[in-house]
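Structure record follows, encoded as structure tokens.
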Amino acid sequence: MVEDLSSLCGGLPPELCEQLTREQQIIKIKLDTRKFGREVTIIEGLPNDKNELKSIAKKLKSKLATGGTVKEGRIELQGDHRHRVKEILIKEFGYPPDNIMIID
Numbered sequence: 468m469v470e471d472l473s474s475l476c477g478g479l480p481p482e483l484c485e486q487l488t489r490e491q492q493i494i495k496i497k498l499d500t501r502k503f504g505r506e507v508t509i510i511e512g513l514p515n516d517k518n519e520l521k522s523i524a525k526k527l528k529s530k531l532a533t534g535g536t537v538k539e540g541r542i543e544l545q546g547d548h549r550h551r552v553k554e555i556l557i558k559e560f561g562y563p564p565d566n567i568m569i570i571d
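In terms of my numbering, the sequence shown opens at residue 468 and continues consecutively.
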């Protein structure tokens, strides 16, 4: 992942480059209904690194006391947690509030 960032940022330090890419990401949080009327919160637009996605999902599941998984480059959480997920992504992970969209 560090090699990918350095090629994108033209030799900037990895920490600075990672912050720049984080500020450019648009994260979409939406609600989906599955069979039997169960609601699932879907988070798209996070980094494509599977290990990082799993780490974010683990922290979200712990904070929200819910189950969830990582599928196809997105995080799926059981239940409607759209607004709380946005708060956690801002406070815990440092994503800019303007880049997080809640889709109704």
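The beta-carbon is built from N, C-alpha and C at its ideal position, and this holds for glycine as well. None of these values were measured; they are calculated from a predicted model.
Residues near residue i by beta carbon distance below 8 Å, same chain, minus five either side
i, result
"ARG505", "GLN545"
Chain C within 8 Å of residue i, Cβ atoms only
i, result
"ALA524", "Given the protein chain composition of this structure (a single chain), no chain C is represented."
Neighbourhood of residue i by C-beta, 6 Å cutoff - its chain only, sequence neighbours within 5 removed
i, result
"MET468", "Low confidence applies here, because MET468 scores a pLDDT of 43, under 50, leaving its location unreliable; read the following figure in that light. Only ASP516 meet the Cβ criterion."
Sub-8 Å separation of residue i and residue j beta-carbons
i, j, result
"HIS548", "THR533", "yes"
"LYS526", "GLY535", "no"
"PHE560", "ILE523", "yes"
Given residue i as reference, the closest of the options once Cα atoms are compared
i, options, result
"ILE570", "LYS553, GLU539, PRO563, ILE557", "LYS553"
"THR500", "LYS526, ILE523, GLU543", "GLU543"
"ASN518", "ARG541, ILE557, LEU498, LYS497", "ARG541"
"PRO514", "MET568, PRO564, GLN491", "GLN491"
Contacts around residue i, its chain only, beta-carbon distance under 7 Å, and the 5 residues preceding and following it disregarded
i, result
"LEU531", "LEU544, HIS548, ARG551"
"LEU556", "ILE494, TYR562, ILE567"
Residue range of the beta strand (DSSP E) that includes residue i
i, result
"LEU498", "494–500"
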